[in-house]
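Chains as they are written, first to last, in our numbering: chain A, 841 to 860; chain B, 695 to 955.
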Amino acid sequence: KEKHKILHRLLQNSTSPVEL
Amino acid sequence: PEAADLRSLAKLLLESYLKYFPLTKAKARAILSGKTGDNAPFVYHDMKSLPEGERFINCVGLVQEPTDEVQLRFFYSCQSRSAEAVREVTEFAKSIPGFVGLDLNDQVTLLKYGVIEVLIIMWAPLMNKDGTLISYGQIFMTREFLKSLRKPFCDMMEPKFEFSVKFNTLELYDSDMALFLAVIILSGAIEELPETVSTSLELQLKLNHPDSLQLFAKVLQKMTDLRQIVTDHVHLIQLLKKTEVDMCLHPLLQEIMRDLY
């Protein structure tokens, strides 16, 4: 899960471009 | 009734595609064929035009790393746009019926393996044999210019142009693209979802292109070519990481490319 934490976050909620 | 379900799936995915990917194939082809009148894109054709066009990239909110080298700076802009595109593809994936019901780790795996393929397919309508639209269609970058960049940057886009020019001859519509993207994303899934979506694509292609024989088979065949392009792309990025000491790779792209092929 640690290896793909941004993908997890994107899947669980929308992330704005700034946060990316 | 079954065909009606497949049609409603196609309709739903088209709506979602239009929501998350505003630069549709229809719009891109209009820009490329000069049908947008005064709103012609800014053209990148040499090194001098690169800084001039940066204001277009800035206006879409891309973050730039401070670097003096214009090629690296451009490369960072491309990375930011790619990360943003991954976010858009993720939102599209979540709208595929049944996708969010899958185990979260399976969703991650499907996205990790499918997202670069999706991005390359989505890029195809933005390209013609002479160049590509970037920055939401505000810039046209010539193929010759990309070939003139220093190594290894000059090797990055040529395989995508070769693929896209061939792919564009299939003349898919946006509604076909929406289903095809869903098929790519679900292609690694083991539930019955992928079958429903691919049957919907098959039906849709028959309805939209009655004279184009074996189009469904030809479209699926493209997935094999895509896999090779993605493998080569990932290897090239991994080479860049080793050879360009100053270069940082976007954390989201790192996540996707780590241990991928």
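Here a beta-carbon is modelled for each residue, glycine too, at the ideal position from N, C-alpha and C.
Less than 8 Å between the CB atoms is what I'm expecting for ILE833(B) and GLY731(B), so what's the real figure, rounded? Not confirmed; about 17 Å, so no contact.
Does the beta carbon of LYS935(B) come closer than 8 Å to any beta carbon on chain A? no
With 16 other CB atoms within 10 Å as the buried threshold, where does GLN773(B) fall? buried
Roughly how many whole angstroms lie between the Cα atoms of GLU838(B) and PHE768(B)? 16 Å
If you scan the region 819-846 of chain B from start to end, which runs of the beta strand (DSSP E) of 3 or more residues do you find wholly inside it? 825-828, 833-836
Minimum Cβ-Cβ distance from ARG781(B) to chain A less than 8 Å: yes
Residues in the same chain with beta-carbon distance under 8 Å from ASP800(B), minus the five sequence neighbours each way, listed in chain order, please. ALA883
Which residue's Cα is closest to the Cα of TYR955(B): ALA724(B), LYS806(B), GLN898(B)? LYS806(B)
Spatial distance of ILE725(B) from GLU856(B) (CA atoms): 20 Å
For GLU763(B), return the contacting residues in chain A, with the cut-off set at a CB-CB distance below 9 Å. Within chain A, no residue comes near GLU763(B); the closest Cβ sits about 23 Å away, beyond 9 Å.
Kindly list, in the order they appear in chain A, the residues whose Cβ is closer than 8 Å to that of LYS788(B). LEU851
Measure the Cβ-Cβ separation of LYS854(B) and ILE879(B) and say whether it is below 8 Å. no
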